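> Provided herewith is a single structure, encoded as structure tokens, for subsequent inquiry.
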Amino acid sequence: MAIADKRLQRREIITKAVCGKGRKFSTITHTVTPPHHPTSILGAWIINHQYEAVKSGDGIEVIGSYDINIWYSYSKNSQTDVAKETISYVERVNLSYVDPKHRASTEEVSADATQEPNCVEATIGSGGTSVHIRVEREFAVEMVAETKVCVIVDPNGSDDDGKSADFSLGDDGDFEDLDSDLLEDDL
């Protein structure tokens, strides 16, 4: 071990960090029974999506609701109507990564709908009285909590005041060949 290594010390820092992550894509079929026997489906859409995340065991539950609207024709395509139904759901998302050393008492969970509930198919049921709606949705969840981070500390400090660091890109034109259409706008 070098002499410089002997003077280094470890410190544990307590900080808030993402201590758990998960993602879940799901497809579900809902059955809606309109007041009239549908002849054909003219449109189906989902509105008013609301949700919240809660910690549940070793995962996160996304609890929410949305309204399904189905525009359909009836009486042999001579009249139209819109059937509306509110759907409530609970989606359990397992955490694919969990920091085992986080402080459970400081957990905060959140969810983001990476794909809002969307109607991908609407069909009239075999009896002709109901409509089957296939919905896709996807959530990404995170758990933030306090955890320990271990760092190496030099108790004697640094002889360098940090002003001599060179962070310039230079003049060799490394970025001239980049396609500007591929760059993200939200940086």
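The numbering of the sequence shown is our numbering, which starts it at 84 and goes up by one.
Glycine included, each C-beta is placed from N, C-alpha and C at the ideal position.
None of the values given here were measured: they were computed from a predicted structure.
(1) For E135, which residues does DSSP report across the bridge?
(2) Please classify P121: is it buried, with 16 or more other beta-carbons within 10 angstroms of its beta-carbon, or exposed?
(3) Could you tell me the boundaries of the beta strand (DSSP E) in which G105 lies?
(4) Going by the beta-carbon positions, is the gap between V214 and P118 smaller than 8 Å?
(5) Does the beta-carbon of K107 have 16 or more other beta-carbons within 10 angstroms, so that it is buried, or is it exposed?
(6) Can you give me the start and stop residues for the beta strand (DSSP E) that R220 sits inside?
(7) How is the beta strand (DSSP E) around P118 delimited, first residue to last?
(8) Spatial neighbours of E199 within its chain, please: C-beta separation below 8 Å, excluding the five flanking residues on both sides.
(9) Evaluate the contact criterion for the stretch 95-104 versus the stretch 219-234: three or more CB pairs, one atom per stretch, below 8 Å.
(10) Would you identify the three-state DSSP class for M84, choosing helix, strand or coil?
(11) Cα separation between M84 and I235?
(12) Where Y134 and L178 are concerned, what is the direct C-alpha to C-alpha distance, given to the nearest angstrom?
(13) Among all the DSSP beta bridges, which residues are the ones paired with K167?
(14) Label A187 either buried or exposed according to how many other C-beta atoms from any shown protein chain fall within 10 Å of its C-beta, with 16 as the threshold for buried.
(15) State buried or exposed for E173, treating a residue as buried only when at least 16 other CB atoms are found within 10 Å of its CB.
(16) Out of curiosity, what's the CA-to-CA distance linking K138 and E229?
(17) Within a Cβ cutoff of 7 Å, which residues of the same chain sit near Y180, ignoring the five residues on either side of it in sequence?
(18) T110 and R217: beta carbons closer than 8 Å?
(19) Would you mind giving the Cβ-Cβ distance between I146 and A166, rounded to the nearest angstrom? I have them listed as a contact below 8 Å.
(20) Could you compute how far the alpha carbon of A127 sits from the alpha carbon of E144?
According to the data block:
(1) I146
(2) buried
(3) Q92 to V115
(4) no
(5) buried
(6) V214 to V236
(7) Here P118 belongs to no beta strand (DSSP E), and DSSP marks it neither H nor E.
(8) I129, H132 and R220
(9) yes
(10) Note that M84 scores a pLDDT of 46, beneath 50, so its modelled location is shaky; the value from the coordinates is reported in the next line. Of the three classes helix, strand and coil, the one that applies to M84 here is coil, per DSSP.
(11) For M84, the pLDDT reaches just 46, beneath the cut-off of 50, and the residue's location in the model is therefore unreliable, leaving the point undetermined.
(12) 18 Å
(13) N152
(14) exposed
(15) Correcting the residue type first, residue 173 is Val in the shown sequence and not Glu. It counts as exposed.
(16) 16 Å
(17) G103 and K104
(18) yes
(19) That belief does not hold up - the Cβ atoms of I146 and A166 are roughly 25 Å apart, past 8 Å.
(20) 27 Å
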